[in-house]
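*Asks:* Once you've had a glance at the structure underneath, I'll fire off some questions.
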Amino acid sequence: MLVVAVSLSMALEAADRAYPPPLEAARARSAEVRDADGQLLRAFATKDGLWRLKTTAGDVDPQFIRMLIAYEDHRFYQHSGVDVRALGRAAFQLVTHGRIVSGGSTLSMQVARLIEPRESRSVFAKLKQMARAVQIERRLSKAEILDLYLSLAPYGGNLEGVRAASFAYFGKEPKRLSVAEAALLVALPQSPEGRRPDRFPEAAKAARERVLARAHVEAAVGEGEADRASLVAVPRERRQLPALAAHLAEAALRKAPGEAVYGTTLRKPVQDALERVAREAGARLPPKVSLAMMMADSTTGEIIADVGSADYFDASRSGWIDMTRINRSPGSTLKPFIYGLAFEEGLVAQETIIEDRPSDFSGYRPKNFDMSYQGDVSIRQALQLSLNVPAVRVLEGVGPSRLMVRFRRAEVRPVLPAGEAPGLAIGLGGVGMTLKDLVQLYAGLANQGWPVKLGDGVRDQPKRDGMQPLLEPSAVWQVTDILSDVLPPQGSPKLGLAYKTGTSYGYRDAWSVGYDGRYVLGVWVGRPDNGAVPGITGYGTAAPILFEAFARSGLAISGHPSAPPGAQRLALTDLPIGLRRYSVMANGLLRSTSREPAPQIVYPPEGARVDLGARSGEEIAPLMLKLQGGRAPFRWLANGKPLEDTARTRNSEWKPDGAGYSTLTVIDSRGRAATVRVFIE
1 MLVVAVSLSM
11 ALEAADRAYP
21 PPLEAARARS
31 AEVRDADGQL
41 LRAFATKDGL
51 WRLKTTAGDV
61 DPQFIRMLIA
71 YEDHRFYQHS
81 GVDVRALGRA
91 AFQLVTHGRI
101 VSGGSTLSMQ
111 VARLIEPRES
121 RSVFAKLKQM
131 ARAVQIERRL
141 SKAEILDLYL
151 SLAPYGGNLE
161 GVRAASFAYF
171 GKEPKRLSVA
181 EAALLVALPQ
191 SPEGRRPDRF
201 PEAAKAARER
211 VLARAHVEAA
221 VGEGEADRAS
231 LVAVPRERRQ
241 LPALAAHLAE
251 AALRKAPGEA
261 VYGTTLRKPV
271 QDALERVARE
281 AGARLPPKVS
291 LAMMMADSTT
301 GEIIADVGSA
311 DYFDASRSGW
321 IDMTRINRSP
331 GSTLKPFIYG
341 LAFEEGLVAQ
351 ETIIEDRPSD
361 FSGYRPKNFD
371 MSYQGDVSIR
381 QALQLSLNVP
391 AVRVLEGVGP
401 SRLMVRFRRA
411 EVRPVLPAGE
421 APGLAIGLGG
431 VGMTLKDLVQ
441 LYAGLANQGW
451 PVKLGDGVRD
461 QPKRDGMQPL
471 LEPSAVWQVT
481 DILSDVLPPQ
491 GSPKLGLAYK
501 TGTSYGYRDA
511 WSVGYDGRYV
521 LGVWVGRPDN
531 GAVPGITGYG
541 TAAPILFEAF
551 ARSGLAISGH
561 PSAPPGAQRL
571 ALTDLPIGLR
581 RYSVMANGLL
591 RSTSREPAPQ
601 IVYPPEGARV
611 DLGARSGEEI
621 APLMLKLQGG
631 RAPFRWLANG
641 KPLEDTARTR
651 NSEWKPDGAG
661 YSTLTVIDSR
671 GRAATVRVFI
681 E
């Protein structure tokens, strides 16, 4: 007998190794794209077309686990795969009642059936299921077996697992379930097709009542809870599983195919809100016109919402094209950076007067959008009204190439026509740029001049280190102060945003980009095929969407930072004479007709490298400033910021803040100026 027992044991062990349970086949899961907090944004069906989301006991309401075990297998933690007592009870009931009253299958046996479906209901099939259950118990812990059941249990149609069912019938994760919801999810796997609540609600309700009536279940949920749960109606429709951020999700799968979970920097509530705004706004737009939106956190560079089209599934609008990554003409949205560079260089102030009249810039004759001209306007008015001629005048003074250099500091590289150098047309949208590029540029404004390279929303981390300032904080404040006073579109809420709009040539693209003290949102409206859309404008079409999206995002609006030291908004009469009117001289200052010699900086000379000990770590020595000509008093500006006092002598000094290039400008009492650029070491 001992030899027989040992031989039988060895034979069973050999058979177990030779015919292991097909556990690997059960591990195929739906790929999941999740937001920054781990919430499900979108799931992809398995190759077999199943919605099978990986589920563990930690993903499910503990009350559901208690009800499941109480109803299906209340001795789950005591047996080793087969509950002999439950099988005996089931057999006795079969003999005495002539039918099956309660089954004897354990959760382990049900897992065995799920990973290896039986071809027929027979004694042999049942014995095989019992053997598989024992094999599974030998290989997996009770917690792992329970997790397999939670992931594989059928819920009708192509739904498998508790999470997929909870999304489909309740529209939420199963982390928090009511007693009625939990009871329904316990009941459905026993007859998933016959009890589908979307098709057979009465059968589903009856099955739920049987679960609630079980003594073990009533003990698990508490006295009276089962009665109250019986009064709750069952859901009568199947909902769509989360399908947010379709374009970003597709990009994630292409970038790293085969992974189970893809993490993103998106925030589900914000993404959901912006997609709703996009669908509603798209329904109001003309046929074939789509839109795109992107929102980013300027302090981290993380993309928190990414809407590539009005509706991913709308073929008439080419919804599958991700318009946040397509190069289009940015229209007037680059003007703030032109003026910001002029503020930084000390060429203009907000109240500086500039001409808005028909002009010829070496053959280039820009016209305003409405084909009218305002005459003399302030820089502030020129930017708020988005006048084209003044913007080109200022760009001529600061230089298109220098503007492109600033864009490269933010790691944005606009696309120029083949073989062409940067020209004045870039100020009015004569380059190619994506919505992501624009949001990245404006993130530098929201971040007080420090650019941050946005991540891709999936894997790439935003870049901040080693990047040079986009603009000085004082120049950014001037631009923000102007843009935050632009009235919102009629009917839009006043949110305190600084924003700019743009319309590309031929009414092909309408833009609006806005920011508060932290978040940046960009909106594009147009046709994906680059066709004209007569009547669309940045202010009339894109800006209302911008304000609505910001208002519905659920984010708290942050105030803009206060003015940095040295930055202020001066009245025209308080400006130095040279800043009261902008001219077309190379340095952007007023021409002088006086025969008296104009001021000339003799030290430091243009392009000089001056060693003041900035790199040694010790206190930086002051730099002597010397000039000839001009009429006192003299006003010195360092990097666009006036030095504390005016000087009546031609010798002065300036103490730099640190190493690097600096621009020094001197203005005499007649408004004449001279400028040099030096490198401090």
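Each residue of the sequence shown is one higher than the last, beginning at 1 in UniProt numbering.
The beta carbon of each residue, even a glycine, is placed where N, CA and C say it ideally should be.
#1: Could you give the distance in angstroms between the alpha-carbon of residue 112 and the alpha-carbon of residue 146?
#2: Give the C-beta separation of residue 308 and residue 323 to the nearest angstrom, bearing in mind that I take them to be a contact with Cβ-Cβ under 8 Å.
#3: According to DSSP, what are the bridge partners of residue 33?
#4: So, for residue 437: in the same chain, excluding its five sequence neighbours on each side, which residues have a beta-carbon less than 6 Å away from its beta-carbon?
#5: Do the CB positions of residue 443 and residue 298 come within less than 9 Å of each other?
#6: Kindly list the residues whose CB is nearer than 6 Å to the CB of residue 168, restricted to its own chain and excluding five residues on each side of it in sequence; keep chain order.
#7: Can you tell me whether DSSP reads residue 434 as helix, strand or coil?
#8: Under 8 Å: do the stretch 245 to 254 and the stretch 32 to 51 share three or more Cβ pairs, one atom per stretch?
#9: If distances are taken between C-alpha atoms only, which option among 450, 419 and 401 comes closest to residue 427?
#10: Measure the CB-CB distance between residue 231 and residue 64 and report whether it falls below 9 Å.
#11: Where does residue 408 land, buried or exposed, given buried means 16+ other C-beta within 10 angstroms?
#12: For residue 4, count neighbouring C-beta atoms within 10 Å of its own C-beta (all shown protein chains included) and say buried if the count is 16 or more, exposed if not.
#13: Touching or not, the stretch 640 to 657 and the stretch 618 to 628, by the rule of three or more beta carbon pairs under 8 Å?
#14: In terms of residues, what are the limits of the alpha helix (DSSP H) holding residue 212?
#15: Would you mind working out which of 519, 578 and 526 sits nearest residue 559, comparing C-alpha positions?
#16: Between which two residues does the beta strand (DSSP E) harbouring residue 624 extend?
#17: Using 8 Å as the threshold, is the stretch 308 to 318 in touch with the stretch 373 to 381, meaning 3 or more CB pairs across them?
#18: Confirm, please, whether the CB-CB distance from residue 664 to residue 675 is below 9 Å.
#19: Name the one or two DSSP bridge partners that residue 415 has.
#20: If you draw a straight line from the alpha carbon of residue 590 to that of residue 348, how long is it in whole angstroms?
#21: Tell me which residue opens and which closes the beta strand (DSSP E) that residue 679 is part of.
#22: Within 8 Å, do at least three Cβ pairs link the stretch 261 to 279 to the stretch 484 to 494?
#23: Residues in its own chain within less than 6 Å of residue 289 by CB, not counting five upstream and five downstream?
#24: Check each candidate in 661, 137, 466 and 106 and name the one with the smallest Cα separation from residue 126.
#25: In whole angstroms, what is the alpha-carbon distance linking residue 511 and residue 502?
#26: Can you have a look at residue 268 and say buried or exposed, based on whether 16 or more other CB atoms are within 10 angstroms of its CB?
#27: Could you pull the DSSP bridge partners for residue 386 from this structure?
#28: Could you tell me whether the Cβ atoms of residue 71 and residue 114 are closer together than 9 Å?
#29: Can you tell me which residues form a DSSP beta bridge with residue 513?
#30: Does the separation of the CB atoms of residue 581 and residue 338 fall below 9 Å?
#31: Do you know offhand how far residue 593's Cα is from residue 670's?
#32: Please name the residue, chosen from 266, 605, 301 and 419, that lies closest to residue 553 on a Cα-to-Cα basis.
#33: Quick check on residue 57: does DSSP put it in helix, strand or coil?
#34: For residue 539, list the residues DSSP reports as bridge partners.
#35: Beta carbon of residue 633: closer than 8 Å to some heavy atom of the ligand PLP?
#36: Once the 5 residues before and after residue 388 are set aside, which same chain residues still bring their CB inside 6 Å of it?
*Replies:* Taking the coordinates as given:
#1: 12 Å
#2: 6 Å
#3: 42 and 262
#4: 412
#5: yes
#6: 159, 238 and 239
#7: coil
#8: Here the stretch 245 to 254 makes contact with the stretch 32 to 51; the two share three or more CB pairs at distances below 8 Å.
#9: 401
#10: no
#11: Under this definition residue 408 is an exposed residue.
#12: exposed
#13: Counting Cβ pairs under 8 Å, three or more are found: they touch.
#14: Per DSSP, residue 212 belongs to the alpha helix (DSSP H) from 201 to 213.
#15: Checked all of 519, 578 and 526; the closest Cα to residue 559 is 519.
#16: 623 to 628
#17: Per the Cβ contact rule, the stretch 308 to 318 is not in contact with the stretch 373 to 381 (fewer than 3 Cβ pairs under 8 Å).
#18: yes
#19: The bridge partners DSSP lists for residue 415 are 432.
#20: In this prediction, residue 590 scores a pLDDT of 44, lower than 50, which makes its location untrustworthy; the coordinate-derived value is nonetheless stated afterwards. In a straight line, the C-alpha of residue 590 is about 11 Å away from that of residue 348.
#21: 673 to 680
#22: Under the Cβ criterion (8 Å, minimum of three pairs), the stretch 484 to 494 does not count as touching the stretch 261 to 279.
#23: 527 and 533
#24: 106
#25: So the alpha carbons of these two residues sit roughly 5 Å apart.
#26: Answer is buried; the Cβ neighbour count reaches 16.
#27: None, per the DSSP bridge assignment.
#28: no
#29: Residue 513 has 500 and 522 as its beta-bridge partners, per DSSP.
#30: Against a cut-off of 9 Å, the Cβ pair of residue 338 and residue 581 comes out as no contact.
#31: Since pLDDT at residue 593 reaches only 41, below the 50 mark, its modelled position is unreliable, and no value is offered.
#32: Ranking 266, 605, 301 and 419 by Cα distance to residue 553 puts 266 first.
#33: helix
#34: The partner list for residue 539 (beta bridge, DSSP) is empty, contrary to what the question assumes.
#35: In terms of ligand content, the structure shown is empty, and the ligand PLP therefore cannot be addressed.
#36: 366, 368 and 428
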